[in-house]
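Written below as structure tokens is the structure these notes are about.
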Amino acid sequence: MTEPLLSVEDLRTYFHTGAEVAKSVDCVSFTVAPGETLGIVGESGCGKSVTALSILRLIQQPGRIERGSKIMFEGKDLVTLDDSGMRDIRGNRISMIFQEPMSALNPVFTVGDQVAEVARIHGSGSRQQAWDRAVEMLTLTGIPAPEERAKSYPHQLSGGMRQRVLIAMALMMNPALVIADEPTTALDVTIQAQILELLVDLQKKFGTSILMITHDLGVIAETASRVIVMYCGEVVEEADVKTLFEAAHHPYTEGLMHAMPQLGEPRSRLNVIPGAVPPPTDWPKGCRFRERCPYSWELCEQEHPPLYQISEAHTSRCHLAIEPERRAHPHPPLVEQLGVPA
Amino acid sequence: MIAYLTGRLAQTVVVVVLVTTIAFFLIHAAPGDPFGAAMENPKVTEAVRAQWRASYGLDRPLPEQFVKYIASVARGDLGWSFSRQRPVAAVLKETLPNTLLLMSVALVASFILGIFLAVLQAMKPKSLTDKIIGGISLFLFSMPEFWLALMALFLLAYHFPVFPIGGMRDEVMHSSYGFGGRVADILRHTVLPALTLTLLYSAVVARYQRAALLDALPAEYIKTARAKGVTEKSIVRRHALRNALLPIITLFGLAFPALLTGAVFVEKVFAWPGMGGVIVSSIDSRDYPLLVASVIIGSVLVAFGSLIADLLYRVADPRLRDDH
Amino acid sequence: MITEVPLALWRKHSVARRLRANRSAIAAIALMLAIVIPCALAPAFAPYDPTAQPDIIGLRSQPPSALHPFGTDPFSRDVLSRVLYGGRLSLSIALVATLLSVTLGTAYGAIAGLVGGVVETVMMRILDALLSIPRLLLLIAIFAAWRQLPIASFILIVGFTGWYGLSRIVRGQVLAIKHEEYVLSARALGAGRTRTLIKHILPNILTPVIVATALGVGHVILLEAGLSYLGIGVQPPAASWGSIIQDGADQIATYWWISFFPGMAIVLTVMAFNALGDALREALEPRRAKS
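Residue numbers (numbering that gives the first Met the number 0), protein chains in the order written: chain E, 0 to 341; chain L, 0 to 323; chain Y, 0 to 290.
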């Protein structure tokens, strides 16, 4: 087994706001191998973005990474690394692509300047060399007339182009890992496809690992080789892409799959998972999905399920692993029985 | 860009005309004649007064006077100063540069100091440094300029005679200095008045700029910069500041009226021979043409300041450069 | 989705709570009251008659002492009492003038925003022109010509020159709200035009109006002090903080207390009003939702 590139162990990131503590990331562990794309999928509020920000230690007060968390990368623990060591890694060994290309770019500097800045911070070359490399990266990401485009300002470019700029920025120093936080959510559907294709291409070319964070299962299907599903600050399922789509175990994952509208099938209503995500300040006892789950029983309320091993590369945080026969007897989820409005 | 420039210039001209109109109205609506205190002497007979009025065209119909007035202002003839027995334009020509000197020094100093303090505050919001600087700023800009000037005069010129009591140069010794000595003499005299103006306006700048920086800091692109590995110092000084400089340009435009009105008081307290001092003395001597002309010039200055600020805005914000 | 009911409810509950929680707001209000109340009730608080000149030889220009905490002036008048009565005058002038400015500004801005079209453009251009004459210079020009004006006229004229900034803000708010969803939806439901606009606009312009009032009082105090110092503000025998400072200005080298205390009073009062304005602005501004 090759040494994983990134190993997140028992990550806890809590937000301490006055009297309450929001446990946005509550004991999450996963690994990313060199050259692979790991997808993290989940709804808003499940903690996937906070996880990504925690890896790069971009969490600000009142949030903090709790003690006991460990993030191993290239032999260093990123949680305890000193500030200047962390800055050396950001943009250089691990970079991040954000969701909103317009607001992620500084409106008063040219895009070339912003891309070249990465090389100026981490590289040892001259300004001219940094600029040249920036233009090179802009070419690689498919931006036409890159020499000229580099002198433009963000507001002069389209959404798709800005995202390409962000990708170029992320790849400037040929990092080992790129964290992509919802890179296509803010783009039109046709552009989405182009950007995803670009990312997959670049990964093949440079052998970069990608941590693809999204709520869109379609994106996962296109880019990831392995997937983890997050819910309420935890990993609830981990599998390779094929297994996930064909034989998802966790009822939440099942629900996500069914919620995807299928073209061509006659349907009168969209399938939704009834109920709502609980707030991070008040995770329910036992299994956090219990009230929305069609299979839950008493055990689910009493015991918080651990990550059961379903098969070699497949884990699931669901008691159905030990009582699989219950899957044959679904019932209306508790939220509906209790009449709690969705 | 050119179209915009012409448009703004035209606007400025309109403003100047309007100000001149208001000034004209003021001169003529004011009680008495604009001949100064000398004419109020009851010994002056009505006949003499009528003669004066005729010779200054004051008995002509108002519209005619108005046109003449506008024409002469456009020519640069701002009337006659009775208290100084010289053309107003000459008086202003002599004194305006001195005020401009004071204003420029104060402008530059207050922006440098103000931005520096604001950056300090923005780096650690709500910290002790932030609160202390914030408190001092609040204290300073709640102060009447003339009072701060008086206190400064008392402390640093009388009680501890560090700086000269007033004036722009040492009247006795100045001509005997060489060039360097003369410059140093003027500088010595500039310190207290400029310091007063600077302290006040830098508090305004610091408050404004701190708010602008704190507004810019949570922006998404700051997150991107951090993710690139940019240091915190560079984040505030380069990435946030460059965006927060845009509102500062508005402050630059507002500095003109603020510093000008501040100069009126400061020049009085320190007996600085500038336009502010002219305004004050013309109040006392009831030299109305001089007073009103100063108000016109002051307003023109302010209008130009706002024009420059607008232009700077266009240069600084790339989003505004592409004309719609 | 904006519905007006929750917003109004939120406002009522949160504003008071947030104000109370804001420590500097409390300090500002406390300071303000500590100054305003003694000044307003000057006859009760002043230890001496501010115009009395009991002992022109023996008591003139005495430095601060136990009997005269702020000292005496060249006419042996007690400075503390003068400052209290002076404050009464300065504060009343500031308050009335500011209320006048705020009313004018709100009306002008609201009309401009509501009426729109050519009228609005013209009104805004006039505003631009008015803004280019620095307020102090204009007031100097007016008061230098018309001296010895009664205080009421003084207040009126000062009030008439201070409304420009607020009217711009009010107009901006009106324009923004005119097109807001909930106004359009209310109209789609059949509500009359003026009625909805008034009902929806007033609560929304409340914030800038209240903040402008607090800050405006501070500005006018400074303005009036300046004008009185120049001799064209409050005329003797009436005394305001500014004119008291002027009285002591010539003797600043030797009898510093005559100018120091009224000036300090001005600074503290204006500070309190400014801090209050800031705190009100923070408390009244709806928080931007975090996405």
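Virtual Cβ for every residue (Gly too), placed ideally from N, Cα, C.
- Judged by DSSP secondary structure, E:Ile209 falls within the beta strand (DSSP E) whose first and last residues are Ser208 to Thr213.
- Distance between E:Gln127 and E:Ala133, taken at the CA atoms: about 10 Å.
- Within the segment 257–270 of chain Y, the residues whose Cβ lies closer than 9 Å to any Cβ of chain L are, in chain order, Ser258, Phe259, Pro261, Gly262, Met263, Ile265, Val266, Leu267, Thr268, Val269 and Met270.
- Across the structure, Y:Gly241 and Y:Gln234 are spaced so that their CA atoms are roughly 11 Å apart.
- For Y:Pro37, no Cβ of chain L is located within less than 8 Å of the residue's own Cβ.
- Taking a cut-off of 8 Å on C-beta distances, the segment 243–256 of chain Y touches the segment 137–155 of chain L, as three or more cross pairs fall below it.
- Taking a C-beta cut-off of 8 Å against chain L, the contacting residues of the segment 219–230 of chain Y are Leu221, Ala224, Gly225, Tyr228, Leu229 and Gly230, listed in chain order.
- Contact residues of the segment 76–100 of chain Y toward chain L are absent (C-beta to C-beta distance below 8 Å).
- Neighbours of E:Ser123 in chain L, taken as residues whose beta carbon is under 8 Å from its own, are absent, since the nearest beta carbon is some 14 Å off.
- Within the segment 78–102 of chain E, the runs of alpha helix (DSSP H) that reach at least 4 residues and sit entirely inside it are, in chain order, 82–88.
- For L:Leu258, the CB contacts under 7 Å within the same chain, skipping 5 residues up- and downstream, are Met102, Ala105, Leu106, Leu196 and Tyr200 in chain order.
- In the structure shown, E:His328 falls within a coil segment according to DSSP collapsed to helix, strand and coil.
- At the C-beta level, L:Ala117 and L:Arg209 come within 8 Å of one another.
- Segment contact: the segment 303–322 of chain E against the segment 235–251 of chain E, three or more CB-CB distances shorter than 8 Å; contact assigned.
- When C-beta distances to chain L are compared with 8 Å, the residues of the segment 50–79 of chain E below that value are Leu55 and Leu57, in chain order.
- Taking E:Ser48 as the centre and dropping the five residues before and after it, the same chain places the C-beta of Asp180 and Ile212 closer than 7 Å to its C-beta, in chain order.
- Between Y:Leu113 and chain L, the shortest Cβ-Cβ separation is not below 8 Å.
- In terms of beta-carbon proximity, L:Thr128 stays away from the interface with chain E, with every pair separated by 8 Å or more.
- In the three-state reduction of the DSSP assignment, Y:Arg146 falls in the coil class, being assigned neither a helical nor a strand state.
- With a cut-off of 8 Å on Cβ pairs, the segment 210–228 of chain Y is in contact with the segment 265–277 of chain Y, counting three or more such pairs.
- Of all residues in the segment 123–148 of chain L, those with a C-beta nearer than 7 Å to a C-beta of chain Y are Leu137, Phe138, Ser141, Met142, Pro143, Phe145 and Trp146, reading in chain order.
- At a cut-off of 8 Å between beta carbons, E:Val31 makes no contact with chain L.
- For L:Thr223, the nearest CB of chain E lies under 8 Å from its own CB, placing it at the interface with that chain.
- E:Val117 and E:Met71 do not touch by the CB rule: their CB atoms are close to 24 Å apart, not below 8 Å.
- 8 Å or more divides the Cβ of E:Gly90 from the Cβ of L:Lys232.
- Only exposed fits L:Val161, as fewer than 16 other CB atoms lie within 10 angstroms of its CB.
- Under the Cβ distance rule, E:His15 does not count among the residues neighbouring chain L, no pair being separated by less than 8 Å.
- Look at E:Ile120: its C-beta is under 8 Å from a C-beta on chain L.
- Cβ contact annotation for Y:Ala213 (same chain, cutoff 8 Å, sequence separation greater than five): Phe272, Asn273, Leu275, Gly276 and Leu279, in chain order.
- The alpha-carbon separation between L:Val279 and L:Ile296 amounts to approximately 15 Å.
- Our two residues, E:Tyr251 and E:Phe288, have alpha carbons roughly 7 Å apart in a direct line.
- In summary, the residues of the segment 162–188 of chain L whose CB is separated from some CB of chain Y by less than 9 Å are Ile164, in the order they occur in the chain.
- Annotation: L:Ala239 is outside any beta strand (DSSP E) and is labelled neither H nor E by DSSP.
- Counting the other Cβ atoms within 10 Å of the Cβ of E:His154 gives fewer than 16, which makes it exposed.
- DSSP lists no bridge partner for E:Tyr152.
- Contact annotation for E:Leu104 against chain L: Glu219, Tyr220 and Thr223 [CB-CB distance below 9 Å, chain order].
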